[in-house]
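Respectively, the protein sequence lines represent chains X and R. This note's numbering puts the first sequence at residues 1 to 151. This note's numbering puts the second sequence at residues 1001 to 1331. Working notes, beginning with the structure itself.
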Amino acid sequence: MEKEQYQQLEQNVTPKPPYLKNVAKAFFVGGFICAIGQAVSLFYMIFFNFTEATAGNPTVATMVFFAMILTGLGLYKRIGQFAGAGSAVPVTGFGNAVISAAIEHRSEGVVLGVGGNLFKLAGSVVLFGVVSAFFVALIKYILVTIGVVSW
Amino acid sequence: MVIVFQSKPSLLAGGVVAGPLENRSVFSQYFDAVYDDERWQMKTNEQGHRKMIEEACEFAMKKMNIQNGDVEYLMGGDLVNQMTPTNFAARDLAIPFIGLFSACATSVSSVIIACLLTELGAANFSLAGASSQHNSIERQFRYPINYGAQKPQTAQWTVTAAGYALIGKHREEYPSIEAATIGKSIDYGMDDPFHMGAAMAPAAFQTIQAHLEQRNQKIYHYDLILTGDLGQLGLKLLKGMFVENGVKNEELTFLRDAGAEFYGQDEAFQSGASGAGCSAAVFFSYVLQQMRAGSYKRVLLVATGALLSPLSYQQGETIPCTAHAIEITMK
Chain X
1 MEKEQYQQLE
11 QNVTPKPPYL
21 KNVAKAFFVG
31 GFICAIGQAV
41 SLFYMIFFNF
51 TEATAGNPTV
61 ATMVFFAMIL
71 TGLGLYKRIG
81 QFAGAGSAVP
91 VTGFGNAVIS
101 AAIEHRSEGV
111 VLGVGGNLFK
121 LAGSVVLFGV
131 VSAFFVALIK
141 YILVTIGVVS
151 W
Chain R
1001 MVIVFQSKPS
1011 LLAGGVVAGP
1021 LENRSVFSQY
1031 FDAVYDDERW
1041 QMKTNEQGHR
1051 KMIEEACEFA
1061 MKKMNIQNGD
1071 VEYLMGGDLV
1081 NQMTPTNFAA
1091 RDLAIPFIGL
1101 FSACATSVSS
1111 VIIACLLTEL
1121 GAANFSLAGA
1131 SSQHNSIERQ
1141 FRYPINYGAQ
1151 KPQTAQWTVT
1161 AAGYALIGKH
1171 REEYPSIEAA
1181 TIGKSIDYGM
1191 DDPFHMGAAM
1201 APAAFQTIQA
1211 HLEQRNQKIY
1221 HYDLILTGDL
1231 GQLGLKLLKG
1241 MFVENGVKNE
1251 ELTFLRDAGA
1261 EFYGQDEAFQ
1271 SGASGAGCSA
1281 AVFFSYVLQQ
1291 MRAGSYKRVL
1301 LVATGALLSP
1311 LSYQQGETIP
1321 CTAHAIEITM
1331 K
């Protein structure tokens, strides 16, 4: 059988990913995680001395803490299998990427293992997050300077 | 490509041990031991992997009442970097050893080498097999175990199991190896590491075709043609290739796949099982026992292996695959 013929056969046999179902699951699980995040944020604003602008940091820390617990219990990967991007895109997904790498590489020691591999998966998120934040800020600065929008 | 063994070396015994999740395997009743701890009470997954290999070898030797000192050669491999679990097991077993890497096809390539040594008169007993341990292989090829990435339906689950066979000179009352085919490295341009069945199916097809042609056989000459770890989709593709080649569907009922059947119809495992331990565990427990019981008289075992690495995948290479086959008969 020729390569092209086989690739045709492969296309016919392989089930198409259920995009619509995946998108729906990601939407609802992702939305649910964000709703929890919103509740945590309100909690810090109501019970502590945080404003909408400053509640972000403790909220992120709390959400990553939840992700850590779920990852340690082996539950986050199950949520991930169900929700796909729904649990990968929120900050809990970032926490899961960092913590799963830390657990995985514990056997190689704290410095070379955990330290060296902590950002193995999340490193590119940090890098491109910082780079895109820079460009977004730059664009906004230009727009403010020429008077299109204000800070 | 086909080697015919005049002396017909025998598969005297098999030793198969598996991890806790493999309790859910339809083949688990045939395994020698299924452990509750996937690390075998060791500190790391890799040490547990090593321990598993040692125990599989010990089970095989115990069945023939022989000791490490009686075994001339150990042939085997796994999927961890530089194959340290097998190398370290060889250190503890203290048997002259060559590590072999044919990815998941090592379960058969090792048997072929052991048969050649037996045929040559160099070995009375040799151990051959392969193994995989889920955690240590996943971290090698994919993500950390607890990383929440979604696996597609085409993905397969790496089993935790070690299977080793004890090979010796021909004995009537044991399954014997009549011939073997060493497969080529086949690349049909598949590049998805989460769809290994599709990458490996053409290799299995070519090896089976070559074996049948050169042995002047048809599929129906066999009671069972069992591939290693194509998974449900890979098996479908393999059958599809045979159908396109003019083979009738009803002739393909004896064409089965260990990986497709390993975990039954459990959807948690997507397309089925994979890993060097998958084919080794099924071949050296279920198949050998069925042959000794007389259920199968002529069997073709075709172990399939995807010869990729995380590096080759990231560099955008396609996935070359191989398949090695042994023809086993029972009087």
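Using N, Cα and C, we set each Cβ at its ideal position, and we do this for glycine too.
Cβ pair residue i, residue j closer than 7 Å
| i | j | result |
| --- | --- | --- |
| Y1291/R | M1330/R | The question names Tyr, but residue 1291/R is Met in the sequence shown. Closer than 7 Å, so yes. |
| T1322/R | A1203/R | yes |
| G1275/R | S1132/R | yes |
| A1056/R | Y1164/R | yes |
| C1115/R | F1262/R | no |
| P1020/R | D1187/R | no |
| D1223/R | K1169/R | no |
| V1282/R | I1328/R | no |
| V1017/R | D1032/R | yes |
| A67/X | T92/X | yes |
| Q1156/R | S1271/R | yes |
| H1134/R | T1158/R | yes |
| A1273/R | L1235/R | no |
| S1279/R | G1231/R | no |
| S1126/R | S1010/R | no |
| Q81/X | Q1029/R | no |
| L1301/R | I1326/R | yes |
| R1256/R | L1212/R | no |
| Q1206/R | V1002/R | no |
Chain R within 7 Å of residue i, Cβ atoms only
| i | result |
| --- | --- |
| E2/X | no |
| K77/X | yes |
| Y6/X | yes |
| P15/X | yes |
| A24/X | no |
| L118/X | no |
| N96/X | yes |
| I103/X | yes |
| E52/X | no |
| G86/X | no |
| Q81/X | yes |
CB contact check: residue i to chain X, cutoff 7 Å
| i | result |
| --- | --- |
| K984/R | Limits of chain R in this structure are 1001 at one end and 1331 at the other, which puts residue 984/R out of reach. |
| P1020/R | no |
| Q1150/R | yes |
| K1236/R | yes |
| T1158/R | no |
| R1139/R | yes |
| Y1147/R | yes |
| A1260/R | no |
| T1044/R | yes |
| P1202/R | yes |
| Q1153/R | yes |
| A1198/R | yes |
| G1189/R | yes |
| P1144/R | yes |
Cβ-Cβ separation, residue j to residue i (assumed contact under 8 Å), whole Å
| i | j | result |
| --- | --- | --- |
| G1069/R | S1110/R | Not really, about 20 Å apart at Cβ, beyond 8 Å. |
| A83/X | V29/X | 4 Å |
| T1086/R | E1046/R | T1086/R to E1046/R, Cβ: 11 Å. No contact. |
| G37/X | T59/X | 6 Å |
| T71/X | I33/X | That belief does not hold up - the Cβ atoms of T71/X and I33/X are roughly 14 Å apart, past 8 Å. |
| L1074/R | L1093/R | 6 Å |
Nonlocal neighbours in the same chain, by C-beta distance under 6 Å from residue i, ignoring five residues either side
| i | result |
| --- | --- |
| A133/X | none |
| F1284/R | G1014, V1016, G1163, A1165 |
| F1059/R | G1015, D1032 |
Cutoff 7 Å; reference residue i; Cβ partners in own chain excluding five residues on either side
| i | result |
| --- | --- |
| M1190/R | A1198, A1199, T1318, I1319 |
| M1333/R | Nothing about residue 1333/R can be read from this structure; chain R reaches only from 1001 to 1331. |
| V126/X | F119 |
Residues of its chain near residue i, where Cβ-Cβ distance is below 8 Å and the 5 sequence neighbours each way are ignored
| i | result |
| --- | --- |
| R106/X | G113, V114 |
| Y1220/R | E1251, F1254 |
| S1007/R | T1118, E1119, K1169, H1170 |
| E1038/R | G1019, P1020, L1021, N1045, G1048, Q1133, H1134, N1135, T1160 |
| Y1313/R | D1191, P1193, I1319 |
>> If we require 3 or more residues per run, which beta strand (DSSP E) segments fall completely within the segment 1075-1115 of chain R?
In response: Complete beta strand (DSSP E) runs here, min 3: 1097-1099.
> Can you list, in chain order, the stretches of the alpha helix (DSSP H) that have 4 or more residues and sit fully within the segment 1209-1286 of chain R?
Replying inline: Annotation note: the segment 1209-1286 of chain R contains the following uninterrupted alpha helix (DSSP H) runs of length 4 or greater, listed N- to C-terminal: 1231-1244, 1258-1262, 1276-1281.
>> Which runs of the alpha helix (DSSP H) at least 4 residues long sit entirely within the segment 1301-1326 of chain R? Give them in chain order.
In response: Counting only runs of 4 or more, we get 1310-1314.
>> To test your reading of the DSSP string, which unbroken alpha helix (DSSP H) runs of 4 or more residues are found completely within the segment 42-104 of chain X?
In response: The segment 42-104 of chain X contains these whole alpha helix (DSSP H) runs: 56-72, 76-83, 85-88, 91-104.
>> Give the list of continuous beta strand (DSSP E) stretches no shorter than 3 residues that lie fully inside the segment 1009-1039 of chain R.
In response: Given a length threshold of 3 residues, each whole run of the beta strand (DSSP E) inside the segment 1009-1039 of chain R is given here in chain order: 1010-1018.
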